[in-house]
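Taking the numbering used here, the leading residue of the sequence shown gets 90, the next gets one more, and so forth. Where a beta carbon is used, it is the ideal one built from N, C-alpha and C, also for glycine. Just so you know, these numbers come straight off a predicted model, no measurement behind them.
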Amino acid sequence: MKNCIILFILILSFSSCIFDGPNCPGDMTLPVSINPYKPYYNIGDTITISSKFHKLLYDQKTEKYYDASGYRFSPIIELSALDSANIPYRGTQFAHYAELIVDDSLKFDLNSFSRPENSSYLNGEYSIDRDSIFFEIKFKLNRKANLWLYIESGYSRNCSLQRNCMFNCRPGREILFNLLSPDNNIELMRKYRFIDPNYSVLSDSITKFYNRASYCFEVR
């Protein structure tokens, strides 16, 4: 009987570490803007991706403001071809389709890895200026293609790296990105819906498409 009571207490303690109580904040959604915003571009055009918000983030779940100036968000910007028919999916190919315009004042770098197929992406961190948290990057398009741009966080659901651990709350809040433009041009992905990973995204992961500030466009 004593062992059963101890086991019950352990289960309750473990559950309290996993499941959020009413005082635990919810997930974070960060705004993203694309300029100029249009469904197609020409080779040589420059695109600016930016995100800016006040350091006091409002949480709808707890109806409180949290100071995010010490948080780590680690946005990862990826660029994949929608129309890669008859070849293996190559993953994000940022360096193949675009050239980052380097700005030493910003905290972004081009990263590459050998599998799959010399994939590459942008990874960095937000900067802080007084009460604002922001990033802004620019890149030049250099190849004709139908592309899918999306953003995710390298620190999502990791409270230690986010620097926002709270007692008896789940370990880390999910970091989502919301595209502020009125249309993400998902119809271009539907045009190539039977090519992976487009098919799996449209079939099973459509929520992830929207939560990654996804944006489809053509380079002519």
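Secondary structure at S292: helix, using DSSP grouped into helix, strand and coil. Taking a cut-off of 8 angstroms for Cβ pairs, the stretch 206 to 213 and the stretch 159 to 176 touch, as three or more such pairs fall below it.
Ranked by how close their Cα comes to the Cα of L171, the residues S163, F162 and T181 have T181 in first place. With respect to N273, Y299 sits close: the two C-beta atoms are nearer than 9 angstroms. Cβ contact annotation for K233 (same chain, cutoff 8 angstroms, sequence separation greater than five): I132, V308 and R309, in chain order. Distance between R279 and Y186, taken at the CA atoms: about 21 angstroms.
Of the candidates L189, F142, D218 and F224, F224 places its Cα closest to the Cα of K196. Judged by DSSP secondary structure, M117 falls within the beta strand (DSSP E) whose first and last residues are M117 to N124. Nearest neighbour of I136 by Cα position, chosen from C113, C258 and K229, turns out to be K229. Residue state for R301 is assigned as strand, using DSSP reduced to three classes. According to DSSP, F266 shares a beta bridge with L119 and R301. Y244 is positioned such that its CB atom lies closer than 9 angstroms to that of I264.
Burial check for Y147: the Cβ neighbour count within 10 Å stays below 16, so the residue is exposed.
The residues C254, P260 and G261, in chain order, have a CB closer than 7 angstroms to that of C248 in the same chain once the five nearest residues on each side in sequence are set aside.
Taken through DSSP and simplified to helix, strand or coil, F283 comes out as coil. According to the DSSP secondary-structure assignment, G133 is paired through a beta bridge with no residue.
At least 9 angstroms separates the beta-carbon of D134 from that of K144. I138 and A184 have their C-alpha atoms some 16 angstroms from each other.
A residue is called buried once 16 or more other Cβ atoms fall within 10 Å of its Cβ, and F256, having fewer, is exposed. Non-local C-beta neighbours of S221 in its own chain, meaning closer than 8 angstroms and more than five positions away in sequence, comprise K141, F142, H143 and K144, ordered along the chain. In its own chain, leaving out the 5 sequence neighbours on each side, no residue places its CB closer than 8 angstroms to the CB of S292.
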